[in-house]
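Asker: Below is one structure. I have some questions about it.
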Amino acid sequence: MLRAARLSASTLFRRDPGLLPRLLTGRVSAAPCLQRAPLRRSAGNRTQLLASAHSREVSSTMAEAAASRIVNGVTYLCAKDAAEVDVELMGALGFSVDQLMELAGLSVSCSVAEVFPVDGHRRVLVICGPGNNGGDGLVAARHLTHFGYSVSVCYPKPTDKPLYNGLVTQCQSLGLNFVPAADVADAQDLKSSYDVVVDAMFGFSFKGAPRPPFDGILAALAPGRSPPPVASVDIPSGWQVDVADAQPGLRPDLLVSLTAPKLCSLAFAGHHHFLGGRFVPPAIRERFNLQLPAFPATHQCVRIGGHAELNIADMRVDYRGGALDESDAAGDPYAQFNQWMQDAVDAGVPEANAVALGTADGEGRPSVRMVLLKGVEADRGFVFYTNYDSRKGGELAANPRAALCFFWEPLQRSVRIEGDVEQLPPAESDAYFHSRPVGSQIGAWVSRQSTVLQGRGELEARERELKEKYGDGPVDRPPHWGGYLVRPRAVEFWAGRQSRLHDRLRYKAQDGKWTIERLSP
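In structure tokens:
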């Protein structure tokens, strides 16, 4: 949310009471102060957005010192341009303050959830200021609670207006704990109580030194106090919007810019910089020449920067899957597997039948790849199809043993299968082959799997040739393509549990029967 912009809009509407009705009725396309001058390129090849001669009143120093920039293909807004964008949103385009606040808070909560997963960062403190930034924080607190976080709120200077009172009521109805400012400012070790702090204190309206109780809160979040990771909303509290150089104050790990990043975020040196606000209409982008990244899929946020260092050693998940007890296990691995596969499908796991297949050549050199399970037959085995002339086909011919491994992460479950492998009878391979789409049937002829290509054009040329030959079918099954059956000797079921004390039950085939044994995690 653009903080100063909201204040600027209010000022404009007070100065000209007829402005908002004119905007809403379409009698003017925009107030004169919002009219844009042409873009101009500087000698440094940075695009700068220039205000028109009728630009609204701002301090001459700030107007001369700050101008929006395009850096690495992304527009960074100065306060003046950000204000004009917000006036357009809340004027001619019909957005309301509470609507923008809801969208901003959702973007913040989604960004926090992406960077700080609930499994390892369940305890969140949201610190809210008295303005719109604080309102965004209250919305984010509500969404984070619905995401499964345990959220506390520090709201020292609540705004007594219906919008803010309603947000507080919503948080209270969810049982959120409201923490006194003194408890935060006086805390010697915030890390012992919270895993993440969301900074929603100050926005565009901040000027000068912070006053109590926020000065004490900011001191508690200073780098020297080793606070928990901090996620700042739009700008880090205490920073000046139009200063693109390093500033004293917070050093957040996550910055969530809203609508468009501000000039001050060019000085952000944390690990994660996200942009929230995919609601920005094309009319705003075109009018203000905003260059913003595309948002992936249905995401409410997109990464635009940061200096994250991948620390594989620190990557971990606190498993909280359901128990796997011998008394609940099926009598044979096929029944147990079918139940877990159904659970994965019901949970919406994408391609739940995708499985890692491990093979080894005649000298024991291993290889692994993903295939798709295409059948499970009790007292027989697990079926997949592939190219017999591929690397895995060659290795299975030399060493007809394999291992399969399924991992259904949302359920925190895994299944491992070890066994002997044999080719399916041709009739079974024929039946499955002709059940496939014609394009897939032709693809089995096109691909000489695992051989070296001169380029993709070679593959596409063979496909065109075979499409002309077969048309809509029928297509004969290639002799080099068919199914394999893995006859299991052992099947292990794994369920993630807390503190790495996982459940592992292994079914072993012995004298035509299955025995179950528990393995140490």
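Reminder that position 509 of the sequence shown reads as 500 in our numbering, one-by-one numbering, no gaps.
Backbone N, C-alpha and C define an ideal beta-carbon position, used for all residues, glycine too.
What residue does the alpha helix (DSSP H) around Asn329 start on, and which one ends it?
Answerer: Segment 324 to 337, the alpha helix (DSSP H) holding Asn329.
Asker: Less than 7 Å between C-beta atoms, sequence neighbours within five positions excluded: which residues of the same chain meet that for Arg468?
Answerer: Closer than 7 Å at the Cβ level, and outside the excluded window around Arg468, lie Ser420, Asp421, Phe424.
Asker: Roughly how many whole angstroms lie between the Cα atoms of Phe286 and Cys292?
Answerer: Each residue's alpha carbon lies about 7 Å from the other.
Asker: Taking all protein chains shown into account, do 16 or more other C-beta atoms lie within 10 angstroms of the C-beta of Met361, making it buried, or fewer, making it exposed?
Answerer: Exposed: under 16 other Cβ atoms inside 10 Å.
Asker: With DSSP run on the structure shown, which of helix, strand or coil describes Glu483?
Answerer: Looking at Glu483 - three-state DSSP - the assignment turns out to be strand.
Asker: Going by DSSP in three states, Thr16 sits in which element: helix, strand or coil?
Answerer: Any reading at Thr16 must be qualified, since the residue scores a pLDDT of 37, below 50, and its modelled position is unreliable; no value is offered.
Asker: May I have the straight-line CA-CA distance separating Ser490 from Ile275, to the nearest angstrom?
Answerer: Near 50 Å, if we compare the C-alpha coordinates of Ile275 and Ser490.
Asker: State the Cα-Cα distance for the pair Lys458 and Ile433, rounded to the nearest angstrom.
Answerer: Roughly 7 Å separates the two Cα atoms.
Asker: Here's the rule I'm using: 16 or more other beta-carbon atoms within 10 Å means buried, otherwise exposed. How should Lys460 be labelled?
Answerer: So Lys460 ends up on the exposed side.
Asker: Check whether the stretch 406 to 414 touches the stretch 476 to 485, taking contact to mean three or more Cβ pairs, one atom from each stretch, closer than 8 Å.
Answerer: Touching, per the Cβ criterion.
Asker: The alpha helix (DSSP H) that contains Gln414, what's its start and end?
Answerer: No alpha helix (DSSP H) contains Gln414, which is instead part of the beta strand (DSSP E) from 404 to 414.
Asker: Give, in chain order, every unbroken run of the beta strand (DSSP E) that is at least 3 residues long and sits entirely within the stretch 141 to 204.
Answerer: DSSP runs (the beta strand (DSSP E)) wholly in the stretch 141 to 204: 141 to 145, 187 to 191.
Asker: So, for Pro121: in the same chain, excluding its five sequence neighbours on each side, which residues have a beta-carbon less than 6 Å away from its beta-carbon?
Answerer: Counting only Cβ-Cβ distances below 6 Å, and skipping sequence neighbours, we find Lys148, Thr150.
Asker: Please name the residue in Gln238, Val359, Phe375, Arg439 whose C-alpha comes closest to that of Gly473.
Answerer: Ranking Gln238, Val359, Phe375, Arg439 by Cα distance to Gly473 puts Phe375 first.
Asker: With a CB to CB cut of under 7 Å and the five nearest residues on each side skipped, what residues in its chain are close to Gly17?
Answerer: In this prediction, Gly17 has a pLDDT of 37, which is less than 50 and means its spatial position is unreliable; what the coordinates show is noted afterwards. Excluding positions up to five away in sequence, the list is empty.
Asker: If we ignore side chains and look at the alpha-carbon of each, how far apart do Ala(-4) and Val76 end up?
Answerer: Legend: pLDDT at Ala(-4) = 41, less than 50; position of this residue unreliable, value from coordinates given subsequently. In a straight line, the C-alpha of Ala(-4) is about 8 Å away from that of Val76.
Asker: Give the straight-line distance between the Cα atoms of Arg242 and Ala393, rounded to the nearest whole angstrom.
Answerer: So the alpha carbons of these two residues sit roughly 51 Å apart.
Asker: Run through DSSP, which three-state label would Leu246 get?
Answerer: If DSSP states are grouped into helix, strand and coil, Leu246 belongs with the strands.
Asker: Kindly indicate the opening and closing residues of the alpha helix (DSSP H) around Val420.
Answerer: It is Ser, not Val, that sits at residue 420 in the sequence shown. Element bounds for Ser420: 417 to 424.
Asker: DSSP has Val224 in a bridge; who is on the other side?
Answerer: According to DSSP, which records beta bridges pairwise, Val224 is partnered with Val247.
Asker: Bridge partners of Met361, per DSSP?
Answerer: Ala347, per the DSSP bridge assignment.
Asker: Out of Leu281, Gly82, Glu368, Ala58, state which residue places its alpha-carbon closest to the alpha-carbon of Leu254.
Answerer: Leu254 has its Cα closest to that of Ala58, out of Leu281, Gly82, Glu368, Ala58.
Asker: For Arg133 versus Asp186, is the C-beta distance shorter than 8 Å?
Answerer: Against a cut-off of 8 Å, the Cβ pair of Asp186 and Arg133 comes out as no contact.
Asker: Would you say Glu449 faces chain C, with C-beta separation under 8 Å as the test?
Answerer: The structure shown contains no chain C; it holds only a single protein chain.
Asker: Please report the straight-line C-alpha distance between Val367 and Tyr325, rounded to a whole angstrom.
Answerer: Taking the straight line from one Cα to the other gives about 7 Å.
Asker: For the beta strand (DSSP E) containing His264, list its first residue and its last residue.
Answerer: Its beta strand (DSSP E) spans residues 263 to 267.
Asker: One question on the structure: do Leu249 and Ser102 come within less than 8 Å of each other, judged by their Cβ atoms?
Answerer: Contact flag unset, no.
Asker: With which residues is Tyr376 paired in a DSSP beta bridge?
Answerer: Partner(s): Gly474.
Asker: Figure out for me which residue from Phe169, Ser438, Met92, Arg278 has the closest Cα to the Cα of Asn123.
Answerer: Considering only alpha carbons, the answer is Met92.
Asker: What would DSSP say about Ser59, mapped onto helix, strand or coil?
Answerer: DSSP places Ser59 in strand when its eight states are reduced to three.
Asker: Alpha carbon to alpha carbon, what distance is there between Ala500 and Arg356?
Answerer: Distance between the alpha carbons of Arg356 and Ala500: 26 Å.
Asker: Between which two residues does the alpha helix (DSSP H) carrying Cys101 extend?
Answerer: Unbroken alpha helix (DSSP H) run through Cys101: 88 to 106.
Asker: Kindly indicate which residue of Ser184, Pro239, Val78, Ser183 has the alpha-carbon position closest to the one of Asp206.
Answerer: That would be Pro239, whose Cα lies nearest to the Cα of Asp206.
Asker: Are Cys162 and Cys145 closer than 8 Å when you measure CB to CB?
Answerer: No; because the gap between Cβ atoms is not below 8 Å, this pair is not in contact.
Asker: Evaluate Pro219 with the Cβ neighbour count: other Cβ atoms within 10 Å of its Cβ, from every protein chain shown; 16 or more gives buried, anything less gives exposed.
Answerer: Pro219 should be labelled buried.
Asker: Starting from Leu116, trace the beta strand (DSSP E) in both directions and tell me its first and last residue.
Answerer: Residues 114 to 119.
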